[in-house]
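Using the working numbering, you'd call the opening residue of the sequence shown number 545 and step up by one each time.
Ideal Cβ placement from N, Cα and C applies to all residues, glycine included.
Source: prediction; values computed, not measured.
Inspection log for the structure reproduced underneath, given as structure tokens.
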Amino acid sequence: MSRTGTGTLPVRRATAADAAALFALSEPSMASGELRRRRPADYRSPEDRFLLVDGPSGPDGCVALRLLAPELPAHPAPGLVHNFCVREGLRGVGLGSQLLDALLDEAGRHGVRTLVTASTGGGALFRRYGFEEIPAALAPRAWADRLDPARRSLVFLRTLEG
């Protein structure tokens, strides 16, 4: 996505070499409480599939997909959308939509049939993409049990077509 909102820049899968830049991109959102606090090493976790849009001085936006363990036998693993952030000053130009489109494609390639996420904001972008607010008790237990009630996050779920 260009800085004016016209055209697109490619979304790519992050590598371990991107970890420090992803941490730096996410740091302001962690400091404000928008994102849960992470360590730089967390951005190299093999269980997370980070997607990013490069900018002139590092990533301008990122989002991660984590496959969660299925809660019922013979059910597909749900996916978790997390660490979704766009560089301040570039919000509202379509980078978030571009990242979420790429994440939905990635989830589909991995056979994910449901996605969950939490947002400390109103979740407008998630709602536009068909996510519905649900009580945390209906989210995958292993993940929902780690939500910090003090953050007052809204929990969202989307069922993907399969």
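Spatial distance of residue i from residue j (CA atoms)
i: Thr550; j: Gly638; result: The predicted model places Thr550 with a pLDDT of 42, which falls under 50 and marks its position as unreliable, so this point remains unresolved.
i: Thr661; j: Arg582; result: 16 Å
i: Gly666; j: Leu634; result: 19 Å
i: Asp689; j: Ala681; result: 9 Å
i: Ala646; j: Pro693; result: 30 Å
i: Tyr673; j: Leu648; result: 10 Å
i: Ala621; j: Phe700; result: 16 Å
i: Trp687; j: Glu615; result: 11 Å
Anticipated Cβ contact below 8 Å, residue i with residue j, distance rounded
i: Ser641; j: Thr664; result: At roughly 19 Å, the Cβ-Cβ gap does not stay under 8 Å, so Ser641 and Thr664 are not in contact.
i: Arg610; j: Asp586; result: About 11 Å; that fails the 8 Å criterion.
Terminal residues of the alpha helix (DSSP H) in which residue i lies
i: Gly533; result: The shown model of the chain, from 545 to 706, leaves out residue 533, and the question about it has no answer.
i: Phe670; result: 668–672
Residue i Cβ short of 6 Å to the ligand COA heavy atom set
i: Gly623; result: Looking for the ligand COA in the displayed structure turns up nothing, as the structure carries no ligands at all.
Boundaries of the beta strand (DSSP E) in which residue i is found, first to last residue
i: Arg653; result: Unbroken run through Arg653 is the alpha helix (DSSP H), 639–653; no beta strand (DSSP E).
i: Ala662; result: 658–663
Legend entry - Validate contact between the segment 596–616 and the segment 557–568 using beta carbons, cut 8 Å, 3 pairs: yes
Inset, instruction - Decide if the segment 551–558 is in contact with the segment 583–601; the criterion is three or more beta carbon pairs, one per stretch, under 8 Å apart. - result: yes
Inset, instruction - Identify every run of the alpha helix (DSSP H) within the segment 548–580, keeping only runs that are complete inside it and at least 4 residues long; order them along the chain. - result: 563–576
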